[in-house]
Each structure stands twice: as structure tokens, then as C-alpha cells.
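Chains as they are written, first to last, in this note's numbering: chain A, 330 to 860; chain B, 914 to 963; chain C, 132 to 511.
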Amino acid sequence: MSTTTLSHDEAHHHDAPKGWKRWLFSTNHKDIGTLYLLFALTMLFLGGASAMLIRMELFMPGIQMLDPDLYNNLVTNHALIMIFGAVMPAAAGLANWMIPMMIGAPDMALPRMNNLSFWVLPAAATMLILSFVVPFFPGGGTQINTGWTLYPPLSVQVGMSMDFLIFAVHLLGISSVLASINIIVTLLNMRAPGMSLFKMPMFCWTWLVTAFLLILVVPVLAGGVTMLLFDRHFGTSFFDAAGGGDPVLFQHLFWFFGHPEVYILLLPSIGVLSHVIPAFARKPLFGYKSMVGAMLAVATIGMVVWAHHQYTIGMSLGAVTYFMIGTILISIPVGLMIFNFIATMWRGAMTFETPMLFAVGIVLMFTFGGLSGVMLAVVPADMQYHDSMFVVAHFHYVLMPGAVFGLFAGVFYWLPKWTGHMYDEKLGKLFFWINVISFNITFFPQHFLGLAGMPRRIVDYNMIFTEFNVVSSIGAMVFGLSHLLFLYIIIKTIRGGKKAEKRAWEGAKGLEWELDSPPAFHTWTVAPQIK
Amino acid sequence: MRIPEYQTPELRRKNVRLAWGLAGLALFFLITSFPFWSGIFRVVGTQAMQ
Amino acid sequence: MQNQNKQTNRSLLGKDRVLAAALLLATGSVSAEYGLNFPEPAANVAQEIFDIHMMTMGIATFLLCIVFAIVFYSLYFHRKSRGYEADQEFHNSWFGNWSWVIVPVMVLGVDLTIAGKADAVLKKVWDVPKEENIMDVKVTGHQWWWEFDYLDHDIKVESRYVPEEESGDLYLREVDNRLVLPTGVKIRFLHTSADVLHAFWVPELAVKKDAIPGYVTETWAELNREGVFRGQCAELCGTWHSRMPIVVESVSQEKFAAWVDDQKAVKIAAAAEASADKTWSMDELMAKGKPLYETKCGACHQATGMGLPPAFPALKGSALTIGPIADHLNIVLNGKEGTAMQPWNSLNDLEIAAIVTYERNAWDNNTGDVVQPADVKQAR
């Protein structure tokens with residue numbers, strides 16, 4: 330992206346710094362947004378490659394290509410890279426690009442901290458990759474075979490790569506807390522005059538809630554892994570029953586972070602949908618206020634139901650009943666969100682460009698994932714589903730449509746704004762269909778595997794599980810490779826294409842569409858007046 | 914790295930104050946919502962007694 | 132050119148055929164227990180769990196159908212290409228103003244239906260019935276095998292996976308010693324772990340529970356039919372997580388009583404042999420040590436003694452196995468902290484002596500050391 334944008338910028342906007350200094354010392358929200366998005370795209374391919382290796386190994390029974398520890402290491406890395414490397418930075422990239430333009434602010438409130446919160450990420454990613462690579466060197470210790478949940482005591486057995494991972498988690502946490510603080514300050518202090526909180530675009534609302542969630546839960550994860558580090562090296566026994574500790578404590582700390590994290594991944598994409606669907610249905614978002622309310626409810630309830638990830642640890646009847654009812658109740662605000670999206674489409678004048686295709690796909694598939702979530706919330710039934718492939722299918726149905734497809738929709742929706750070119754609509758639609766069909770081929774059969782008794786995170790399985798694994802793996806190969814098309818479309822759009830107008834989409838509303846495509850290096854230096 | 918000139922000193926003060934407030938919130942959650950420090954004190958305590 | 136095309140076509144076809152054949156083969160060998168849903172429950176609570184699973188799945192499918200129907204109706208009729216004009220005031224109609232109440236109330240209704248039924252089942256599943264004649268089985272997870280202690284009968288069963296050469300189609304679903312349980316008796320499982328987290332899961336018994344080191348969790352079941360039920364460890368426990376099958380053999384109470392007597396007889400014989408005041412020869416210990424080593428140590432250190440470095444060090448030519456006997460005995464008896472090496476002090480003196488002797492003389496280690504049960508006794 331850099332070279333072409335540079336030459337473009339040189340031609341039009343003389344105030345943009347040149348060369349590598351432009352990126353390393355950038356305090357410009359658009360440049361930092363671009364950096365975030367490129368970083369996320371890189372990580373998407375790293376995480377995708379590890380997922381494809383996992384599925385290749387599971388293609389047939391038997392251990393063909395990955396030894397068990399390497400397999401578990403890949404499982405760990407796939408999750409961490411996708412969550413912390415791909416989805417969160419991509420959402421932060423969208424926030425950086427769009428929030429100042431949407432609220433009529435000249436830039437983020439704390440531009441230099443913005444620079445810091447991005448440039449911590451490559452360091453964190455290096456640590457994360459080192460944690461994967463180090464065991465292959467002599468004296469590097471054992472591989473991380475714990476999964477991303479890092480449960481002790483297993484994570485205490487692991488060699489030095491676990492320490493790399495813990496520091497990577499710290500760095501990632503620092504990055505996202507700094508970014509969150511910046512976003513909240515921007516949203517609360519930098520809105521154009523006349524834009525009250527309830528006139529704010531929905532994407533800004535979702536990020537306001539997301540950022541608060543991040544500030545509340547990421548420090549808890551940081552504390553949890555720090556305690557793990559102390560247990561590993563400094564003789565404490567927070568999680569060691571022999572020393573008076575409790576292995577389950579770590580699980581509580583982890584999921585106190587881990588469950589809100591699901592909403593952290595989900596909400597920015599909900600925000601994108603709240604722009605995409607009205608734009609292509611050509612009518613306003615249905616239920617703006619109920620959307621905001623639903624989001625606040627999801628965030629609030631989401632903070633207090635974490636233990637539904639640990640129904641099998643032997644909690645008391647009272648505790649599991651509470652967590653079960655709380656979890657089931659989340660379906661109310663989430664159901665309201667989905668209802669609002671459907672009602673926005675209802676009696677609209679819809680056209681189906683790529684962002685809208687993804688949006689419709691999300692509404693349908695996320696509903697599916699949400700409903701299997703209600704099934705999982707029921708404690709007695711979860712005694713069967715827990716830690717089986719059913720769970721794997723469920724959370725991929727929630728996170729792929731809920732988070733990743735939402736980001737895809739956002740990228741296609743705003744690419745014309747960012748680059749000044751329309752993307753190739755035919756290729757975009759082709760990408761959507763390949764992507765969505767292969768996604769379903771990959772993950773739908775995994776429900777059956779789970780019900781039949783296949784646990785998750787096993788490297789080798791009995792031959793009764795063969796057929797569905799074969800189908801799933803074939804789907805996964807297509808699914809993984811389809812993202813090369815995504816990359817190609819983006820590169821092609823950056824390099825050229827039909828000139829995008831200010832308002833690239835007929836039904837698009839909002840301040841960002843009143844700026845040029847691509848926007849000037851500094852925008853809204855004079856704040857617009859909102860009526 | 915240039916100091917952005919579009920922020921008035923008042924806005925800048927307001928921004929920084931809010932940012933520190935939020936950082937404080939993060940710190941508060943780091944320290945109080947789980948037994949990290951109590952554990953540290955326990956370890957230090959038992960070592961001191963020996 | 133054409134010829135070439137034909138050839139690629141043919142080879143593609145060939146590949147297809149291989150794949151189809153592989154699929155068919157897989158289908159053919161699929162045993163009857165495999166389906167699209169949970170296997171048929173074999174315990175009373177499992178049936179209730181199965182029912183609630185079917186209910187929530189039914190509700191979910193029904194709701195999904197409604198959502199799909201509405202969305203597809205809208206996708207078909209409310210599109211610009213059909214000339215449909217967007218209704219700009221839809222969100223301001225009475226429906227738009229009150230949907231934020233109507234929808235949550237409807238969802239709440241569904242939620243309460245599910246939660247009410249779930250709560251009733253949960254109460255039955257969760258707390259173990261307090262009865263005098265409940266049978267206790269302590270289930271201990273180890274890396275990577277299960278230990279079943281029949282606390283009422285003073286019997287211990289060690290259960291390990293069987294390698295593919297011997298288990299064939301049941302690979303990863305078959306063990307050397309099964310968990311034998313009687314039907315019609317309430318059984319309480321007490322779960323714990325010797326090292327890391329594990330989880331006990333047999334789908335026909337339905338209840339899954341984590342094994343947590345230092346803590347005991349409990350579940351219960353009452354088997355209502357005979358048969359062999361297979362499950363696996365369900366909580367990631369390290370390298371060979373995939374090799375921790377659980378096989379429950381459900382038998383009538385008479386057969387169970389006979390099995391208990393057999394086990395007791397075997398145990399008494401073994402204890403007598405171990406405590407006999409006898410000096411064992413190298414050949415005897417090696418013969419005893421090989422199978423013991425292969426079942427108990429082989430999963431990590433491998434039958435070849437090469438281990439799987441760096442996690443599991445090789446024993447062949449290692450400083451430990453050809454060094455001082457005392458150090459060797461110490462690590463076998465007490466384990467090594469912070470690693471997967473656990474204390475093996477639950478084995479009797481003879482077994483330890485045989486294993487250590489085997490490790491010191493197999494794979495060209497040839498130290499010539501013969502470790503006697505008496506040495507082990509002293510080292511304890």
C-alpha cells in the first residue's frame with residue numbers, strides 16, 4: 330500500500346511527510362489506521378496458515394505431519410494470532426480511520442499515544458512468533474501445548490516459550506488499553522459541536538462500549554498471566570494446590586477477561602453492520618436507541634457470566650444456576666440487535682453489493698451461532714457439549730460472521746473512501762460466495778463431530794470421525810485460500826480502478842462521506858456544524 | 914513527531930485529564946479485582962518469618 | 132494439446148475415484164454407534180440431558196427457520212431492482228416505537244421456557260443423591276492414563292490406550308483395562324488429577340467433569356443398560372491428550388461381583404510375589420520390566436528409550452540411567468517437579484525394581500546393575 334499511496338499523496342497533499350519516517354513517527358490517524366489494517370492483514374494470513382496446517386493434520390486419522398506438541402502449539406498460536414493479531418487490530422484500524430472522520434474531529438485526541446499503541450504491536454507480534462519458534466532451537470524448551478487458555482498446571486510445565494508468550498500478552502494488553510483510552514477520550518471530547526452522544530454514528534457507540542470493556546478486562550488478564558509467571562519462576566503458588574493455591578482461580582481470571590473479549594471482538598463489527606445495512610437498504614437504522622441500550626446491556630451482562638466457560642469445574646448448584654440464567658438472558662439484547670438489523674432491511678430498497686452480501690450473511694449465520702450459544706448455556710446439556718468439537722463449531726460461527734465478516738464488510742464499504750477507487754465488484758462478490766460457502770462446509774460438520782463424541786484439541790482421532798473431518802478439512806483449504814483473493818482485490822483497488830465519488834454509495838450517510846475520496850491528509854481542521 | 918497544533922491548550926488539558934482518569938480505572942482493575950497483591954504479601958510474609 | 136487435456140482429465144478423474152473410494156471405505160467401516168446426534172444414553176441422568184438437548188435444539192431450529200423465512204422474504208421483495216421504494220418512516224411507526232419492548236418480551240418468554248426446564252434437570256444432575264449404598268469410584272487423571280479406584284472394593288484399575296497394531300479400528304477408543312461398572316446401582320465418581328487438568332467424558336453417561344489436581348469434584352450416574360461405552364479425555368492435558376480413552380463396560384450386578392472377586396485374587400497374588408523374600412535374577416527382572424516399562428513409561432520415553440526431546444528425555448545412554456542407582460531410584464519414586472515426570476511410588480517394590488533394572492540394561496545401556504525389591508524398599 331505504501332508506495333502507491335505515497336506517490337498519490339505527494340501529488341495532492343503536500344503536508345504529508347515522506348519516506349519511512351512518515352510511518353514510524355506518524356501521528357496521523359489515517360496513516361496509523363492504515364498501519365493497523367496492514368498489520369491485521371499480515372496476521373490474518375499467519376493465523377490462517379496455522380489453521381490450515383491444523384486442518385491438514387485432521388484430514389485423516391493418524392498423525393501424518395505434525396507431532397502432537399507442534400499441533401497443540403499451532404492451536405495456541407492460531408487463536409492468539411487471530412484474536413490479538415488480526416481481529417482486534419483490524420477493528421482498531423477501522424476505529425482510527427473512521428472515528429475522527431465520523432465525528433468531525435481533526436485527529437485522535439492523543440495522537441502520539443496513538444503512535445505508541447500501534448508500534449507496540451509489531452514488538453508483541455515478534456514475541457508471539459518467538460514463543461512459537463524458540464522450541465525449535467537447541468535449549469529452547471518444550472512447545473506451548475496448552476491452547477490459548479493457558480490453563481495451569483499444564484502451562485507451568487511448558488518451557489521458556491511460555492515466558493515469551495506471557496510478555497507478548499502483556500504488550501498486546503498495553504497496546505489495546507492505550508488505544509482504548511485514546512478512543513474514549515476522542516469520542517467524549519472531540520465531537521463536532523452539536524453532535525450529542527445520541528447523534529453519534531453507531532460505529533462510534535460500539536467502539537465506546539468496546540473500549541470501556543477493554544479497559545476493564547485486559548488488566549485482569551495481565552494480572553492473571555503475571556501470577557502465572559510468578560508461579561513458574563519465583564516460587565509462588567497462586568495456582569498450585571500443593572502450595573495452598575487453586576488452579577481454578579486462573580480459569581476465573583482468564584474468563585473474566587475471556588468472555589467480555591468475545592464482545593470486544595463482536596461489537597465493532599456490529600457497528601460496521603449498523604452503517605452497511607442502512608446504506609444498502611436506503612433507509613435509516615431501525616431502533617438507534619434500542620441498539621445502544623442493547624449494546625450496553627450486552628456489555629454489562631457479558632461482564633458477569635464468565636464462568637459459563639467452566640461449567641465442568643465443579644461449582645455449586647447455586648453458582649451454575651446463576652451463570653446459566655445470566656448467560657441465557659444475553660440472548661435478549663443480542664436478539665434485539667439482530668431484530669433491529671432485520672427490521673432495517675425490511676421494507677428497504679435493497680441492493681446487494683459486497684458489503685451488503687456480507688451483512689446479510691452475518692445476520693443469518695450469526696443468528697445460527699447465537700442459537701447454538703443458547704444451547705451451550707444450558708448447564709446439563711453443556712455437560713455433553715463442553716470441550717467437544719461442537720464448541721469449536723459454535724464459536725467459529727459466532728466469531729467468523731460476528732467479527733471477521735463484519736470487518737470484511739467494513740473494508741469493502743470504506744475501501745473506496747480510503748483509496749479513492751472502487752473495488753472490483755465482480756471479484757468482491759466472487760470472494761463473498763467462495764468465502765461463505767467454504768466457511769459453512771468447514772464448520773457445519775464439526776457440530777456433528779462434537780455430538781458424536783470427538784473432543785477438541787486432539788491431534789489424532791478414531792476412524793469413526795473420519796468423514797466429517799475430511800469434509801471439514803476440504804472446506805478449510807478452500808476457505809483459507811479464498812483470502813488470497815481478498816488480498817488481490819485490496820491490492821488491485823489501491824493500484825487503480827473506477828474513481829470513487831465523495832459519497833461512494835448511493836445510500837451512505839454520515840460525515841465521512843462529505844469528505845473527498847481519498848480524504849486529504851488532514852480533515853475537519855474546521856469542525857463541521859451538526860444540526 | 915510534531916505536536917498537533919489543532920488542539921487548544923484547554924482541550925488538550927481536558928483530554929490528558931480524562932486519559933489519566935481512564936488509566937487509573939485500568940490500574941484499579943489490575944490491582945484490586947483479584948488477589949495478586951494479597952498473594953505477594955503472603956509470600957513475602959512467609960519468607961520474612963523464616 | 133488435446134491429448135494433454137484428456138490426460139489431465141483422466142488423472143483428475145483418477146484422483147476423484149481414490150477420494151470417493153476412501154470416503155466409501157470410511158463409511159463402510161463406520162460402526163453403528165456413530166450418528167448425527169448423541170449416542171443413545173445409558174444412564175438415567177443421561178436420558179434427561181438428552182431430552183433437554185433435543186428440546187433446546189428444537190427451539191433453536193424453529194427460531195432459525197423463522198429468522199431465515201423473514202430475511203429471505205425481505206431479500207426477495209424489498210429490493211431496489213424490483214422497484215421497491217424504501218419506507219423511510221418504518222422506524223417511526225408504532226412498531227418501530229415499541230419493538231424494543233415487544234422483542235425482548237418475546238425472547239424472554241423463550242428464555243424462561245428453556246431456563247425452567249434446564250433448572251429442573253440441573254437439580255437432578257448436579258447434586259449426588261445422598262444414599263447409603265452408593266458406590267464410590269475415584270477417577271484420577273494422569274498424563275496420559277486413567278486410574279480407577281473402587282473405594283468400596285479396594286481395587287485399583289489402571290487404564291491405558293492400546294496401540295494401533297492391537298486395537299485396529301478401535302484405535303484411540305480402546306484401553307487395556309476397562310472401567311467395569313454394574314447396572315442399577317447409583318455410582319458416585321470422585322474426580323481428581325495427579326498432574327494437570329483432565330476431564331472425564333463418556334457420552335452415554337453424559338456427565339463431564341474436570342479432574343483438578345489437589346481438588347475433588349464429583350458426579351454420579353446410574354447405568355440402565357449393559358454394553359461397552361467409549362469416551363475420551365476432554366480437557367487438553369499435554370502431548371498425548373488424544374491418547375486417553377475411557378471405556379466403560381456396563382455389566383449386570385452378578386457379573387460385576389464375579390469381576391471384583393477376580394481382581395482381588397490377582398491383587399493378592401501380586402502382593403505375595405512382591406513381598407516374597409527372594410533375590411531376583413537379572414533375566415527375571417528384565418522379563419518383568421519390559422512390559423511394565425512399555426505400559427507405564429513408554430508413552431513418554433518411548434519403547435525405544437529415545438524419548439521425545441525436549442519434553443521427554445531419552446533414557447538410552449542418559450546420565451541418569453547409567454549413573455548412580457540411588458539417583459535413578461529417586462526420580463522414579465519421587466518424580467521431577469515442574470515436568471510431566473510424576474512420582475511412581477504407588478507401584479510396589481518389585482515393579483519398581485523391574486522397571487529400573489530394565490532401564491539400566493535395555494537399549495545397550497548394559498550397566499549390568501540388578502536392582503532388588505529390597506533396594507527399592509530402602510530408597511523409599
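Note that beta-carbon positions come from the ideal geometry of N, C-alpha and C, so glycine has one too.
Our contact map puts residue i next to residue j with C-beta atoms below 8 Å; I'd like the distance itself, whole angstroms only.
i: A:His715; j: A:Lys827; result: That belief does not hold up - the Cβ atoms of A:His715 and A:Lys827 are roughly 51 Å apart, past 8 Å.
i: A:Ile361; j: A:Asn474; result: Not confirmed; about 36 Å, so no contact.
i: C:Leu328; j: A:Tyr480; result: 6 Å
i: C:Gly436; j: C:Lys447; result: 4 Å
i: A:Ile383; j: A:Val416; result: With 8 Å as the limit, A:Ile383 and A:Val416 do not qualify as a contact, their Cβ atoms being about 18 Å apart.
i: C:Leu321; j: C:Val293; result: Not quite, the Cβ-Cβ distance comes to about 26 Å (not below 8 Å), so this is no contact.
i: A:Trp853; j: A:Pro435; result: 5 Å
i: C:Gly272; j: C:Cys364; result: 7 Å
i: A:Ala408; j: A:Ala369; result: The Cβ separation is near 15 Å, so there is no contact.
If you check the beta carbons only, do residue i and residue j fall under 8 Å apart?
i: C:Val238; j: A:Gly782; result: no
i: C:Val338; j: C:Val359; result: no
i: A:Lys831; j: A:Ser811; result: no
i: C:Asp267; j: C:Ser290; result: no
i: A:Ile428; j: A:Met524; result: no
i: A:Gly616; j: C:Trp351; result: no
i: C:Tyr522; j: C:Glu490; result: Because chain C spans 132 through 511 in this model, residue 522 of chain C falls outside it and cannot be assessed.
i: B:Leu935; j: A:Ile392; result: no
i: A:Pro464; j: A:Thr471; result: yes
i: A:Ile593; j: A:Leu550; result: no
i: A:Met381; j: A:Gly414; result: no
i: C:Ile183; j: A:Pro597; result: no
i: A:Phe609; j: A:Met685; result: yes
i: A:Leu375; j: B:Phe942; result: no
i: A:Val689; j: C:Leu206; result: yes
At the level of alpha carbons, what is the spacing between residue i and residue j?
i: A:Val554; j: C:Gly454; result: 39 Å
i: B:Arg926; j: A:Lys359; result: 24 Å
i: A:His725; j: A:Ser802; result: 14 Å
i: C:His432; j: C:Ala442; result: 10 Å
i: C:Leu282; j: A:Leu387; result: 39 Å
i: C:Ala153; j: A:Ile793; result: At C:Ala153, the pLDDT of 45 sits below 50, so the modelled position is not reliable; the number obtained from the coordinates is stated separately. Computed Cα separation, rounded: 13 Å.
i: A:Thr680; j: A:Ala424; result: 26 Å
i: C:Val507; j: C:Val487; result: 10 Å
i: C:Lys419; j: C:Ser477; result: 17 Å
i: A:Thr795; j: C:Asp300; result: 12 Å
i: A:Ile859; j: A:Gly839; result: 11 Å
i: A:Leu756; j: A:Trp842; result: 24 Å
i: A:Asn406; j: C:Ala457; result: 41 Å
i: C:Ile265; j: C:Phe169; result: 27 Å
i: A:Trp834; j: A:Gly739; result: 13 Å
i: C:Pro344; j: C:Glu295; result: 30 Å
i: A:His851; j: A:Asn357; result: 8 Å
Between which two residues does the alpha helix (DSSP H) holding residue i run?
i: A:Met524; result: Premise fails: A:Met524 is in no alpha helix (DSSP H) and is neither H nor E.
i: C:Pro400; result: A small fix is needed here, since residue 400 of chain C is Ala in this sequence, not Pro. Where C:Ala400 is concerned, the enclosing alpha helix (DSSP H) stretches over Gln384 to Ser406.
i: A:Val416; result: Here A:Val416 belongs to no alpha helix (DSSP H), and DSSP marks it neither H nor E.
i: C:Tyr281; result: Premise fails: C:Tyr281 lies in the beta strand (DSSP E), Trp276 to Tyr281, not in any alpha helix (DSSP H).
i: A:Met456; result: Pro440 to Val462
What span of residues does the beta strand (DSSP E) with residue i cover, start to end?
i: C:Val311; result: Leu310 to Pro313
i: C:Ile286; result: Ile286 to Ser290
i: C:Glu353; result: Thr348 to Glu353
i: C:Ile318; result: Lys317 to Ser324
i: C:Thr271; result: Met266 to His273
i: A:Gln580; result: Segment Pro576 to Ala610 is the alpha helix (DSSP H) holding A:Gln580; no beta strand (DSSP E) there.
In chain D, which residues lie less than 7 Å from residue i when you measure between Cβ atoms?
i: A:Val720; result: Within the model displayed, chain D is absent; protein chains A, B and C are what it includes.
### Task
Taking only beta carbons into account, state which residues of the stretch 767-788 of chain A come closer than 7 Å to chain C, listed in chain order.
Phe777, Leu780, Ala781, Gly782, Pro784, Arg786, Ile787 and Val788: these are the residues of the stretch 767-788 of chain A whose beta carbon lies less than 7 Å from some beta carbon of chain C, given in chain order.
### Query
In chain order, what residues of the stretch 801-826 of chain A put their CB closer than 8 Å to some CB of chain C?
Those residues of the stretch 801-826 of chain A that come within reach of chain C (Cβ to Cβ, closer than 8 Å) do not exist; the list is empty.
### Message
For the stretch 361-377 of chain C, list every residue whose C-beta sits within 8 Å of some C-beta in chain A, in sequence order.
### Response
Taking 8 Å as the Cβ-Cβ cut-off against chain A, the residues of the stretch 361-377 of chain C that qualify are Arg361, Gly362, Gln363, Cys364, Ala365, Glu366, Leu367, Cys368, Gly369, Thr370, Trp371, His372, Ser373 and Arg374.
#### Entry: the stretch 181-193 of chain C: positions lying closer than 7 Å to chain A by Cβ
If the cut-off is 7 Å between Cβ atoms, the stretch 181-193 of chain C has Ile183, His184, Thr187, Met188 and Ala191 near chain A.
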